[in-house]
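If you count the sequence shown from 1, position 81 lands on 77 in this note's numbering, and the numbers rise without skipping. The beta-carbon is built from N, C-alpha and C at its ideal position, and this holds for glycine as well. Here the structure is a predicted model, which is why all the values come from computation and not from measurement.
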Amino acid sequence: MTIKELYNKYRNALAEIYPLHEAKAIAQCVMEYQHSIDKKTLLVFDTKELSCDNKIVEKNIKMLKAHYPVQYLNGECEFYGRTFIVDENVLIPRNETEELVKLISEEYAGKNPEILDIGCGSGAISISLALEIKNALVEAIDISKKALIIAEKNALKNKTSNIKFIECDILKCENLNKKYDIIVSNPPYVLEKEKIQMQDNVLNYEPKLALFVPNNKPLMFYEKIASLATTALKNNGKLYFEINQAFGKETKDMLKDKGFNDIKIIKDINDNDRIVEAIWTK
Ligand code: GLN
């Protein structure tokens, strides 16, 4: 089989369940990670013969057609220009979260902030910040031991040594016992009732623990983290949240009530309210 034929095989199978542009992107991603054929090779050497195990190809197609996320199939994905290990214990890092990392990295470039990432999952945020802000001291917590194992692997893979990973259920935490310059979090924020709008690849395979909050408690993580932040942020320390686009105003009002200043709602590339930042001034 030629490189092009294999790509077409994946693309055609995927086009049965995804729009064509998505089928192409996924097929290209499988070619790159599973068959070591990058985008350029795919383009230039498309007629070259490729030896590949047919059983593996068929298994890949079967899983992808069952909406299994390509990132889990590959075991890796890209985030902020780096490769992260992912499995079903961690959320697949999203583009919106890269925007959060960009915002913080640009603001703190050349500084030496102490950072806490709450609900770190794969470590995408904490590891990226530790690498982008060279002198940062980063702590990252998560309720899931299995997620922390992946995060530790990612820290090793990306050669970061200045991160401390801690197992902790933030909802049960009474005091953070330390002061930080930055507290950042992308907590669960999808409402149970929003499940109906979600794609099978997310709904059936990504960790529910990292995604959902009850319909009647959309801000439960934000309220808890903001309360903790009032004693755990240094003077002029900053809180950064990734949020559900439907709750920008509510999150802002809640932070105002708790005494935060300069609260900003920032839109993502799709023009949805996605990030809220606020300053704590004593
Ligand atoms: N942005 C993710 C999604 O759309 C949700 C992330 C989260 O709940 N923190 O599925």
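For the ligand GLN, is there a heavy atom less than 7 Å away from the beta-carbon of residue 167? no
Beta strand (DSSP E) containing residue 25: first to last residue? Run containing residue 25: none in the beta strand (DSSP E); it sits in the alpha helix (DSSP H), 16 to 31.
Alpha helix (DSSP H) segments (min. 4 residues) lying fully within the stretch 152 to 227: 196 to 199 and 204 to 207
When the Cα atoms are used, what is the spatial distance from residue 10 to residue 59? 10 Å
Give a yes or no on whether the C-beta atoms belonging to residue 239 and residue 265 are separated by under 8 Å. It is not a contact, given that the beta carbons lie outside the stated cut-off.
My output table needs one value for residue 135: the three-state DSSP class, helix, strand or coil. strand
Would you say residue 236 and residue 100 are within 8 Å of each other, going by their C-beta atoms? yes
Start-to-end residues for the beta strand (DSSP E) that takes in residue 242: Residue 242 -> no beta strand (DSSP E), and no H or E assigned at all.
Can you tell me whether residue 198 sits near the ligand GLN, meaning its C-beta is under 7 Å from at least one heavy atom of the ligand? yes
Considering only DSSP beta bridges, list what residue 78 is partnered with. 75
The ligand GLN and residue 87: does any heavy atom of the ligand fall closer than 7 Å to the residue's C-beta? The answer is yes for residue 87.
Can you give me the C-alpha to C-alpha distance between residue 46 and residue 2, rounded to a whole angstrom? The straight-line gap from Cα to Cα measures roughly 8 Å.
Can you say whether residue 181 is buried or exposed, counting buried as having 16 or more other CB atoms within 10 angstroms of its CB? buried
Check the C-beta distance from residue 233 over to residue 177 and give it rounded, since I have them as a contact under 8 Å. 5 Å
For residue 255 and residue 226, believed in contact at Cβ under 8 Å, the rounded distance: Contact between residue 226 and residue 255 holds, with the beta-carbon distance rounding to 7 Å and staying under 8 Å.
Are there three or more Cβ pairs, one per stretch, closer than 8 Å when the stretch 87 to 95 is compared with the stretch 160 to 169? With the cut-off at 8 Å, the stretch 87 to 95 and the stretch 160 to 169 do not touch.
So does residue 91 have its beta carbon nearer than 7 Å to some heavy atom of the ligand GLN? no
Between which residues of its own chain and residue 205 is the CB-CB distance below 8 Å, once the five residues before and five after are set aside? 139, 140 and 184.
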